[in-house]
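For what it's worth, the numbering used here labels the leading residue of the sequence shown as 2, then goes sequentially. Where is the CB? At the ideal position from N, CA and C, for every residue including glycine.
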Amino acid sequence: MESWPVPGIRPMPVLVPPVMISDSLTGGLTHASESATFSLYVCGITPYDATHLGHASTYLTYDLLIRLMHASGRTVRYTQNVTDVDDPLLERAVATGQNWQELAREQTDLFRADMQYLSVFPPTDYVAVSERILEISAAVAGLLSCGLAYPVPSDHAEPDIYLDVRAASGAAPSWSFGALLPAGASAEHTFDEHGGDSRRVGKRHPLDSLLWRSQRPGEPSWDVAGLPSGRPGWHVECAVIAAGAQQLPYDVQGGGSDLRYPHHDYSSQHAAAIYGRPLARVFSHVGLVSLGGEKMSKSLGNLVFIRDWRIRGVDPAAIRLAVLSHHYRDEWDWHDAILGTASVRLRRWRDAALAGRHKVTSGSGVGRAVAQDFAAALANDLDTVTAWSILDDWAAAPTDVLVVADAVSALTGVTLLDAGAS
Ligand SMILES: [Zn+2]
């Protein structure tokens, strides 16, 4: 489907060091890319409540990674899905009496507008589940025919189809099932906390996951070969969309930390069972944002929406500075004061750029050193906390404004100097 326009970008004035990113599989840092290309899959929104601060935190984080990869001269292939066939969206549509496709279209439009407002790079492949039903259903039918999936009786006329996780693990050695389960966590508990149904009667194993849900009254369904009329489950949607856009495995799969298990673990297991390869090589996760100490979530109704700031005319660069004033892997609590502090910081940087725009110390290379340190901080697992402090120090005695402003613009999209001021 259509994504949104690519933001303007300044050329990077200094070399970007190798980009290292934290891998949830190992807990250590690893190279984000090992070749001249960089492929990224970031799980997209379920379009019924777009775009809240948690979304912004995820997509601004991966925008940094994409900008670093562009600046280091790599070709970036970036896939993002839209989960427009999923329980929460369909439940919302029923609750409000809105057509589910209309709701999805309206919320996806809002998301695009918010991403454009925040100068976030668009995916090269932006794919809705509803656009890949045939491919997803063919994959599920394939799993069924080779014995890795099986029917589970439902209260309705037709059975649902589940993945047999033990059989799939045996048949797909390229993925170690449970590799992304956090240490010490209970698999069944975590599975159930995130939409799983470990106690469903008729399953072979509590952790077996839904691949295809047969038609229920009032729900959309598709008539496809080899399966009951119905719709796909969540994990297989991402596996098939990812494989349809790029060769597996991607360099990095990213998303909020609530997607680590089961969603990312299962998507890779599904991909391994269907295609013989996991979805990604590296798995990256962004810490969740809370509000007043409570996890920010749709179910609690304590969401902060980007569109409210957009309508109020808040500078999107201040939002970026605010959201990225914490390390992306940390969990953090939102307060309005964070946006105020970021606005003051942005004004200080811009005032410094304006005041120092004629102070060029090209002989000493001060600006290049600042740009280099700034890039090095970001290349070290997207360390925005250190990067912002480097800019704070520079703003105290600004020199070589053009070099520094170009580096900041290329890597973060934040403009320090209006074109007319130089
Ligand atoms: Zn996903």
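Taking 7 Å as the line, does the beta carbon of residue i fall inside it for any heavy atom of ligand 1?
i      : result
Ser138 : no
Ser210 : no
Ser268 : yes
His271 : no
His195 : no
His264 : yes
Apart from the five residues on each side of it in sequence, which residues of its chain come closer than 8 Å, Cβ to Cβ, to residue i?
i      : result
Thr62  : Gly255, Val287, Leu325, Tyr329 and Leu383
Asp407 : Arg11, Pro12, Met13, Pro14 and Ala372
Asp316 : Ser344 and Leu347
Val283 : Ile22, Asp24, Leu26, Thr31, Ala33, Asp252, Val253 and Gln254
Pro6   : Gln117 and Pro123
Let me confirm a value: residue i is counted as buried when at least 16 other C-beta atoms fall within 10 Å, else exposed. Which label applies?
i      : result
Leu301 : exposed
His236 : buried
Thr80  : buried
Leu135 : exposed
Gln248 : exposed
Ile312 : exposed
Pro19  : exposed
Pro1   : Because the chain here runs from 2 to 423, residue 1 falls outside it and cannot be looked at.
Arg200 : exposed
Leu16  : exposed
Pro250 : buried
Ala226 : exposed
Asp252 : buried
Ala398 : exposed
Cys147 : exposed
Glu194 : exposed
Glu189 : exposed
Thr413 : buried
His206 : exposed
Val367 : buried
Ser73  : buried
Gly257 : buried
Val405 : buried
Which residues in the same chain as residue i place their Cβ atom closer than 7 Å to its Cβ, once the five residues preceding and following it in sequence are excluded?
i      : result
Ser423 : Annotation note: pLDDT 45 at Ser423 (below 50); position unreliable, coordinate value reported separately. Same-chain partners within the cutoff: Arg358 and Leu403.
Phe192 : Ser199, Leu208 and Pro263
Asp331 : Gly288
Leu228 : Ser138, Val141, Ala142, Ile162 and Trp213
Leu211 : Asp161, Tyr163 and Gly234
Pro154 : Pro160 and Gly203
Ala378 : Asp384, Thr387, Ala388 and Ile391
Asn100 : Ala94
For residue i, which residues from the same chain have a beta carbon less than 6 Å from its beta carbon, with the 5 sequence-adjacent residues on both sides left out?
i      : result
Gln102 : none
Val409 : Val415 and Leu417
Tyr127 : Met2, Ser4 and Gln81
Leu173 : Checking the displayed sequence, the identity of residue 173 turns out to be Ala instead of Leu. Counting only Cβ-Cβ distances below 6 Å, and skipping sequence neighbours, we find Ala273 and Ala274.
Using 7 Å as the cut-off, classify the Cβ of residue i as near or not near the heavy atoms of ligand 2, replying yes or no.
i      : result
Gly293 : As for ligand 2, it is missing from this structure, which binds only ligand 1.
Return the chain-ordered ranges of every alpha helix (DSSP H) run that is complete within the segment 69–136 and spans a minimum of 4 residues. 88–97 and 101–118
At 4 residues or longer, what runs of the alpha helix (DSSP H) sit wholly inside the segment 185–257? 188–194 and 235–246
Using only Cβ atoms and a threshold of 5 Å, which residues come within that distance of a heavy atom of ligand 1? Order them by chain position. Ordered along the chain, the selected set is Cys44 and Cys239.
Ignoring anything shorter than 4 residues, give me the alpha helix (DSSP H) runs that lie fully in the segment 317–375, in order along the chain. 317–324 and 337–356
Give the list of continuous beta strand (DSSP E) stretches no shorter than 3 residues that lie fully inside the segment 27–59. Correct list: 30–32 and 38–43.
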